[in-house]
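Q:
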Amino acid sequence: MKQGIETCLSPELIRQHELEGKTVVIIDVLRATTCMITGFMKGADHIIPFMEVEECRKMKEQGYVVAGERGGEKIEDFDLGNSPLDYMKKDLNGKGIAITTTNGTQAIHGSKNARKRVIGGFINIFGLAKMLKSEESGIVLLCSGWKGRINLEDT
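Here the sequence shown stands for residues 4 to 158, where the numbers follow the working numbering.
1. What alpha helix (DSSP H) runs, 4 residues minimum, are completely inside the segment 11 to 73?
2. Looking at the structure shown, is Ala-101 part of a helix, part of a strand, or coil, going by DSSP?
3. In angstroms, rounded to a whole number, what distance separates the CA positions of Leu-88 and Val-32?
4. Among Gly-130, Lys-93, Pro-14 and Leu-95, which residue has its Cα nearest to the Cα of Thr-108?
5. Contact check, Ile-50 vs Ile-100 under 8 Å by CB: the rounded distance?
6. Write down the C-beta distance between Ile-102 and Phe-43 rounded to the nearest angstrom, noting that I regard them as a contact closer than 8 Å.
7. Between Ile-153, Gly-124 and Cys-146, which lies nearest to Thr-10 when the distance is taken from Cα to Cα?
8. Exposed or buried, what is Met-91 when buried is set at 16 or more other beta-carbons lying within 10 Å of its beta-carbon?
9. May I have the straight-line CA-CA distance separating Ile-30 from Glu-64, to the nearest angstrom?
10. Quick one, are the C-beta atoms of Gly-151 and Gly-97 less than 8 Å apart?
11. Would Ala-71 be called buried (16 or more neighbouring beta carbons within 10 Å of its own) or exposed?
12. Would Ala-1 and Asn-85 qualify as a contact pair, given that the criterion is a beta-carbon distance under 8 Å?
13. Closer than 6 Å by C-beta to Tyr-67: which residues in its own chain qualify, once you throw out the five before and the five after it? Chain order, please.
14. Is it right to say Leu-95 is buried, meaning 16 or more other beta carbons lie within 10 angstroms of its own, or is it exposed?
Given below as structure tokens:
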């Protein structure tokens, strides 16, 4: 029996939702999730989200492409910022990406108790909708927002 769809307007509110056994769709459409989707479209092998800049930075030593921003600004010594255009210009085929962002990666980590986590954006909306249509578990749409606040584009 299919369960319903819930919307969480900010990662700050995620603790009000029961995530166990559910699929969470993390949405940060203008930046983080669209960058990740673009990375996969450009051939990235895998992407690991990090909460902290320093943890992400260390992954460069292991051969990862490091990507991220704080407050919307690219982290100075990182390979990529938080614009999908950065990902379009880089050869990512077969590479791993380590990413940290102000909002999106925080939402990913905040939903770690979910049965399944997927990323959503406008550029994968049709495939995502098709996948979610076949889900039997409940679905939580988690809007990444901006610095803990609700924003219009993710909603």
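Using N, Cα and C, we set each Cβ at its ideal position, and we do this for glycine too.
A: The structure says:
1. 35 to 44 and 56 to 61
2. As a working mapping, residue 101 is identified with position 98 in the sequence shown. Strand at Ala-101.
3. Working through the sequence shown from its first residue, we reach residue 88 at position 85. Working through the sequence shown from its first residue, we reach residue 32 at position 29. Straight-line Cα distance between these residues: approximately 14 Å.
4. Counting from 1 along the sequence shown, the entry for residue 108 is found at position 105. Per the Cα distances, Pro-14.
5. Walking along the sequence shown from the start, residue 50 turns up at place 47. Walking along the sequence shown from the start, residue 100 turns up at place 97. Yes, they are in contact, since the Cβ atoms of Ile-50 and Ile-100 sit about 5 Å apart, within 8 Å.
6. What you label residue 102 is simply residue 99 of the sequence shown in a count that begins at 1. What you label residue 43 is simply residue 40 of the sequence shown in a count that begins at 1. About 12 Å separates the two Cβ atoms, so there is no contact after all.
7. Residue mapping note: residue 10 aligns to position 7 of the sequence shown, counting from 1. Selection Ile-153, Gly-124 and Cys-146 evaluated against Thr-10 yields Cys-146 as nearest (Cα-Cα).
8. As a first step, residue 91 is located in the sequence shown; it is residue number 88 there, counting from the start. It is exposed - the Cβ of Met-91 has fewer than 16 other Cβ atoms within 10 Å.
9. Here residue 30 corresponds to residue number 27 of the sequence shown, with the count starting at 1. Here residue 64 corresponds to residue number 61 of the sequence shown, with the count starting at 1. For Ile-30 and Glu-64, the distance between alpha carbons rounds to 29 Å.
10. Along the sequence shown, one-based indexing puts residue 151 at 148. Along the sequence shown, one-based indexing puts residue 97 at 94. Cβ atoms of Gly-151 and Gly-97: not closer than 8 Å.
11. On the sequence shown, residue 71 is found 68 positions in, with the first residue counted as 1. The question names Ala, but residue 71 in the sequence shown is Gly. Burial call: buried.
12. In the structure displayed, the chain extends from 4 to 158; residue 1 sits before or after that span and is not available.
13. Counted from its first residue, the sequence shown places residue 67 at position 64. Around Tyr-67: Gly-99 and Ala-101.
14. In the sequence shown, residue 95 corresponds to position 92, counting from 1. The residue in question, Leu-95, is buried, as its Cβ has 16 or more Cβ neighbours within 10 Å.
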